[in-house]
Structures are given as structure tokens and as C-alpha cells.
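These notes concern the structure reproduced below.
2 protein chains.
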Amino acid sequence: MRQLKLSKAFTLIESGPVVLVTTNDGRQDNIMTISWTMVIDFTPVFAITTGEWNHSFAALRKTGECVIAIPTVDMLDKVVGIGTCSGADTDKFAKFKLTPVRGRFVTSPLIKECLANIECKVLDIIKRHNIVVLEGVAACVDAARKEKRTLHAVGDGTFIVDGRKMDRRKMMASKLPYGA
Amino acid sequence: MRQLKLSKAFTLIESGPVVLVTTNDGRQDNIMTISWTMVIDFTPVFAITTGEWNHSFAALRKTGECVIAIPTVDMLDKVVGIGTCSGADTDKFAKFKLTPVRGRFVTSPLIKECLANIECKVLDIIKRHNIVVLEGVAACVDAARKEKRTLHAVGDGTFIVDGRKMDRRKMMASKLPYGA
Numbered sequence: 113m114r115q116l117k118l119s120k121a122f123t124l125i126e127s128g129p130v131v132l133v134t135t136n137d138g139r140q141d142n143i144m145t146i147s148w149t150m151v152i153d154f155t156p157v158f159a160i161t162t163g164e165w166n167h168s169f170a171a172l173r174k175t176g177e178c179v180i181a182i183p184t185v186d187m188l189d190k191v192v193g194i195g196t197c198s199g200a201d202t203d204k205f206a207k208f209k210l211t212p213v214r215g216r217f218v219t220s221p222l223i224k225e226c227l228a229n230i231e232c233k234v235l236d237i238i239k240r241h242n243i244v245v246l247e248g249v250a251a252c253v254d255a256a257r258k259e260k261r262t263l264h265a266v267g268d269g270t271f272i273v274d275g276r277k278m279d280r281r282k283m284m285a286s287k288l289p290y291g292a
Numbered sequence: 113m114r115q116l117k118l119s120k121a122f123t124l125i126e127s128g129p130v131v132l133v134t135t136n137d138g139r140q141d142n143i144m145t146i147s148w149t150m151v152i153d154f155t156p157v158f159a160i161t162t163g164e165w166n167h168s169f170a171a172l173r174k175t176g177e178c179v180i181a182i183p184t185v186d187m188l189d190k191v192v193g194i195g196t197c198s199g200a201d202t203d204k205f206a207k208f209k210l211t212p213v214r215g216r217f218v219t220s221p222l223i224k225e226c227l228a229n230i231e232c233k234v235l236d237i238i239k240r241h242n243i244v245v246l247e248g249v250a251a252c253v254d255a256a257r258k259e260k261r262t263l264h265a266v267g268d269g270t271f272i273v274d275g276r277k278m279d280r281r282k283m284m285a286s287k288l289p290y291g292a
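Chains as they are written, first to last, in my numbering: chain E, 113 to 292; chain W, 113 to 292.
In C-alpha cells, the structure reads:
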């Protein structure tokens, strides 16, 4: 994995991929599947929707940190599997044969098998809407990885795979943040 | 356009498509392009990130309503064009040859050319993060439309088009909300 400039990290989330969010409660690593995410600033700041119903939430709140990992289409069954069992009774890294990797700034693990990982600190929790606001403090990507297509959950049990890419950089030049 | 059950409306946003958000300030219709969106509840409730820097924000705040319209890949140049000019000096419906259609519950117009439209009421504005929380009150889709592929902004001026769909309904059965 090579480090990615923080000014580009928002581009890992803006397209709306399903992500895996890891935590460590001081005893065990855990992972949850989240498709309710949003960029809220380029710096980067992200919002995710989660709450008491996710076992990971207690660790996220207690430690004030997590990692957002970006899986790809070849990992779909792991992504769905992780989202349909609980860290309360499952060691998800073991069950889904994923490799925890030590990050630079947080104790939550990166996931080696993912395309990219963003180390995050909790900036705010907006309880009335179950929104957690996260600041990305480091990001890395596996540039050598062949499969780069991410997944987009529809919410009905189906997933859309990234298709072709279209370039409108010139048209958008006036609106792109520096460094993106 | 046919009405869509409100219990399914979150599935229009969960995959993370670029959307067009319309408002009406009492004098003029306006449209903004937004890719920072998130589902926050199935009922449905959505979050979008916007603020004073968007001309539409004043109308959104004043009227407490908007429409989220979902464009498709054939509309990419309109989507980018709408996002790179301002309603302060441009009639975007006229400039981009889009047709405003009257909704059922809000005065913000639906966009006839879009795949789907969700009429929304503002539930909350979280000023410190520029998050606007919206409740969907009606949704409709153009089921007869051939092009159904949506667009996902990467944030660097490129866009990902919906590719193939993968079905994991059986694996996810325990987690799907009723009606989705």
C-alpha cells in the first residue's frame, strides 16, 4: 500500500462505494459493512450513519477512531457476510480471512485485502440522526491491485459494480479543489 | 412517471448517484448538482451537504423543501453544466432544456427528464457541518425510460457509470427492511 495525499482521499468515498469500517475496542478488532456514507468536506471529512444497533459503534465512540476500508467487487461475499453477522460473537477478520495491518495514527486496523484504507478520527457524533462525523488523517491505496472496481449497494440486496469511467475534468476545472 | 412506494425510495439514493436538487424561491425554479448525499433512514430520510456557497441554499432554507432528481448517464453534460454555473444569473431549466413538472406535496419542481424524483421536506439543518436532513414525502420513477444507468462522481472531474448488477438478496434477507 502506498500513501495517498490527504487532499485526494475524499475521492475514495465521493462515488458512494460500500465500505468496511474497522474498530478496535482494546481487546478485539471488528469490522462493519456500511453503505450510508457521505463526503462533507475536502479536507477530508466524512459522515457515516451508524448507532447502537451496530456492535462496532461502542468501540467507535469509546476510542474516537476507525478505519474506512474500500473493498472491490471480488470481495462482495465477504462484504455481505460481514454485514450479516455480529462482532459480538464473531471474529470477523478470522472468519472472512482478512488481514489486519497496523496504521500510522489509529489502533483500528487497516484491511490489507482492500483497495484503499483511510485512517479516521471521530470529530463529532450527531445523536439525533445517528450521524458520525470523521476526519481522515491518513490514506493509502494498493496501486498494484488489478481489480479496482468498487461496489454500490442499492439497499434491496443487489449491488451495482463500477462500469466505465467518463472524463469531464476540463468542464469542471473551475470547481475542482486544489490537489484533487 | 409512476409513483414509487415510499418504503423503496431510499434505494434511489443508497448506491450514491450524483443527484440534481431543485428548489423554488417563490419567483424562480433552480437546480444544483450534488454528489455529497447519504441515506440516514429507511423511512426515508436523507442527508445532503450544502451551504451558503450554493445559490439554491437560501431557497431550500426559506421554503423548507426541495426535490431530489436522479439523472442518468445520457444527461452527464447537463449534470456537469448545472454544477458549474449559478442560479443567481442563470435560468437552469431553460439553459439545459429541462422540463419542470408539478409535484404532489412541494412547490419545488420535479425534472421530467430524470429517471426518478423524490419530493422532500427539510427536517433539520446541522449548520456546523453544512448537513441538511431531508424527509422524502413522495417518490416517482419513469419506468418506461430505457437508459437507467446512473452516474457516480469521483470528485476529480471523472464519473463512474453503473456497470453490472449482482444479486445477494438471499444472503441479505435477514437485513433487508420490510418493503425494500
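Virtual Cβ for every residue (Gly too), placed ideally from N, Cα, C.
If we define contact as Cβ-Cβ less than 8 Å, is residue i a contact residue for chain W?
{"i": "Ser147(E)", "result": "yes"}
{"i": "Ala265(E)", "result": "yes"}
{"i": "Ile143(E)", "result": "no"}
{"i": "Gly248(E)", "result": "no"}
{"i": "Leu69(E)", "result": "Chain E is shown from 113 up to 292; residue 69(E) falls before or after that span and cannot be answered."}
{"i": "Asp279(E)", "result": "yes"}
Helix, strand or coil for residue i per DSSP?
{"i": "Met113(E)", "result": "coil"}
{"i": "Ile143(W)", "result": "strand"}
{"i": "Ala121(E)", "result": "helix"}
{"i": "Lys224(E)", "result": "coil"}
{"i": "Leu235(E)", "result": "strand"}
{"i": "Val133(W)", "result": "strand"}
{"i": "Leu263(E)", "result": "strand"}
{"i": "Thr196(E)", "result": "coil"}
{"i": "Val185(E)", "result": "helix"}
{"i": "Arg276(E)", "result": "strand"}
{"i": "Val253(W)", "result": "strand"}
{"i": "Val245(E)", "result": "strand"}
{"i": "Phe158(E)", "result": "strand"}
{"i": "Val151(W)", "result": "strand"}
{"i": "Phe208(E)", "result": "coil"}
Give me, in chain order, the residues of the same chain whose beta-carbon lies closer than 8 Å to that of residue i; leave out the 5 immediate sequence neighbours on both sides.
{"i": "Gly195(E)", "result": "Met144 and Thr145"}
{"i": "Cys152(E)", "result": "Checking the sequence, you will find Ile at residue 152(E) rather than Cys. For Ile152(E), where only same-chain residues beyond five positions count, the Cβ hits under 8 Å are Phe158, Ala159 and Val245."}
Would residue i be called buried (16 or more neighbouring beta carbons within 10 Å of its own) or exposed?
{"i": "Asp201(W)", "result": "exposed"}
{"i": "Ala159(W)", "result": "buried"}
{"i": "Ala228(W)", "result": "buried"}
{"i": "Ala265(E)", "result": "buried"}
{"i": "Gly215(E)", "result": "buried"}
{"i": "Glu231(E)", "result": "buried"}
Counting only beta-carbon separations shorter than 8 Å, does residue i have a partner in chain E?
{"i": "Met283(W)", "result": "yes"}
{"i": "Thr270(W)", "result": "yes"}
{"i": "Asn242(W)", "result": "yes"}
{"i": "Phe122(W)", "result": "yes"}
Would you please state the rounded distance, in angstroms, between the beta carbons of residue i and residue j? I believe it to be under 8 Å.
{"i": "Asp268(E)", "j": "Thr123(W)", "result": "5 Å"}
{"i": "Glu177(W)", "j": "Val234(W)", "result": "6 Å"}
{"i": "Val157(E)", "j": "Leu246(E)", "result": "7 Å"}
{"i": "Ile272(E)", "j": "Ser127(W)", "result": "5 Å"}
{"i": "Leu263(W)", "j": "Val179(W)", "result": "Contact doesn't hold; Cβ gap of about 18 Å is too wide."}
Closer than 6 Å by C-beta to residue i: which residues in its own chain qualify, once you throw out the five before and the five after it? Chain order, please.
{"i": "Glu225(E)", "result": "Leu210"}
{"i": "Lys190(W)", "result": "Phe208"}
Apart from the five residues on each side of it in sequence, which residues of its chain come closer than 7 Å, Cβ to Cβ, to residue i?
{"i": "Gly193(E)", "result": "Phe208"}
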